[in-house]
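Step one of this worksheet: look at the structure below.
Residue numbers (mature numbering (1 follows the signal peptide of the UniProt record, and there is no 0)): -23 to -1, 1 to 77.
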């Protein structure tokens, strides 16, 4: 009985260790080798947009944290409708702003 508990705990710790070791996340400097100016470009564009429309900050955060990080954001939210309804014109996304 004790041996089986030890085995379960050992397996759990091993899985936890493997998951943690493989956890890759974005961090400052993440693109420093592939696109060294990416963070500066994004920062400048976002600040410029927020200067023009100061109330754009909260909707922008909503788009990234609520929509993009949960469901994935591939840029299709920026496309205009043609013969088919574009993603940005779908009912759940009608509150998104900043496409100007």
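Backbone N, C-alpha and C define an ideal beta-carbon position, used for all residues, glycine too.
Limits of the alpha helix (DSSP H) - the one that residue i falls within
i, result
"residue 64", "Careful: residue 64 lies outside any alpha helix (DSSP H) and carries neither H nor E."
"residue 56", "Residue 56 -> no alpha helix (DSSP H), and no H or E assigned at all."
"residue 36", "34 to 38"
"residue 23", "15 to 29"
Beta-carbon spacing of residue i, residue j below 7 Å
i, j, result
"residue 80", "residue 63", "Beyond the ends of the chain as shown, which are -23 and 77, falls residue 80; an answer cannot be given."
"residue 58", "residue 66", "yes"
"residue 26", "residue 33", "yes"
Nearest-angstrom Cβ-Cβ length linking residue i and residue j, presumed shorter than 8 Å
i, j, result
"residue 19", "residue 37", "No, residue 19 and residue 37 are not in contact; Cβ-Cβ is about 11 Å, not under 8 Å."
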